[in-house]
Amino acid sequence: MIFQRQRETGKSLRLGFWLTLCLLIAPLLIAAPVQKVPISFDRYHGYTGTVDYLKKVARAYPNLTSLLEIGRSTLGRPIYVLVVSKMKTGTTIDAHVTLRNMRKEGVKNVPPMKPYQGKPGHWICGATHGNEFTGTEVCLYIIDQLVSKYGQDKTITQLVDDITFYICPIVNPDGVYNSVEKSLPQRQNSELKDDDGDGRVNEDGYDDLNGDGYITLFRYKDPQGQYVIDDQ
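Per the numbering used here, the sequence shown starts with residue 791, numbered consecutively.
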């Protein structure tokens, strides 16, 4: 009888252990965001890594994202914007506004707006200067938070439902590509410049503005200036 009771007690303890473990783990499993496109921030992603991530996110979250190419750099690299919003909610503004003037014959009407385009929009961008690519990582982090925590976090879910985020992680593709992937810091874009109109590009130096034979910093008197010369 004693042996039987000990065996039953052992079963109860094991059952209690597993029930307790399940109760502890269940909230973690429920609260954990579903990260369909894993991303780590222990390195800079550069242009190539960023584009790869954006394409994966657009494929993994078709109901929440849309990847747009809004232009190309001087060297032909696409400039991408990832739209993040609940795509099927919103209102088409053009459905409520009539054209003031009829379009001329042969001119096609613009495509109808999509529902998400009628929501309040937030523009977020990074790497306007190619050597300031930390902004790119901030954009990628925001994207990850919005898509992976949608449906899990109440605040994020409401934001994605009610607002459209237009996120451009890299405004200057050529500058970021050279700065990160080639280790050649490039702040500006790759546009060729001919300031003096002589037909040659990227060879125009600075001008000697005050004619003293030197190109350097100098003081310029301005009656509206904020500074005065120290007598000493």
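We treat Cβ as the ideally placed atom computed from N, Cα and C, and that holds for glycine.
Just so it is clear, the structure is predicted and the values come from calculations on it, not from any experiment.
- Only exposed fits T924, as fewer than 16 other CB atoms lie within 10 angstroms of its CB.
- In the three-state reduction of the DSSP assignment, I932 falls in the helix class.
- Cβ neighbours of V847 within its own chain (closer than 7 Å, five residues either side excluded): V827, T855, L872, I933 and V937.
- The Cβ atoms of I829 and P963 lie no closer than 9 Å to each other.
- For H919, the closest alpha carbon among the candidates P905, S969, T879 and I946 is that of S969.
- Closest by C-alpha distance to M877, out of D951, R849, T947 and K944, is D951.
- In the three-state reduction of the DSSP assignment, I1005 falls in the coil class, being assigned neither a helical nor a strand state.
- Judged by DSSP secondary structure, I914 falls within the beta strand (DSSP E) whose first and last residues are G911 to C915.
- Remark: C-beta atoms of I957 and V841 do not approach each other more closely than 9 Å.
- Beta-bridge analysis with DSSP links E859 to Y870.
- In the three-state DSSP reduction, T945 falls in the helix class (H, G or I).
- For Y1004, the CB contacts under 8 Å within the same chain, skipping 5 residues up- and downstream, are D998 in chain order.
- For T954, the enclosing beta strand (DSSP E) has its first and last residue at T954 to C958.
- For L865, there is no enclosing alpha helix (DSSP H), as DSSP marks it with neither H nor E.
- Less than 9 Å separates the beta-carbon of Q935 from that of I946.
- The alpha-carbon of P959 is positioned some 20 Å away from that of N853.
- For G987 and G1001, the gap between their C-alpha atoms comes out near 22 Å.
- For L844, the enclosing alpha helix (DSSP H) starts and ends at G836 to A850.
- Residues P905 and D951 of the same chain have their beta carbon placed closer than 7 Å to that of T879, with the five preceding and five following residues left out of the count.
- Counting along the chain, the unbroken alpha helix (DSSP H) around D964 starts and ends at P963 to V966.
- Per DSSP, reduced to three states, the secondary structure at P975 is coil, with no helix or strand assignment.
- The three-state reading of DSSP puts V827 in coil, since its state is none of H, G, I, E or B.
- Cβ atoms of E971 and G836 come within 8 Å of each other, at about 5 Å.
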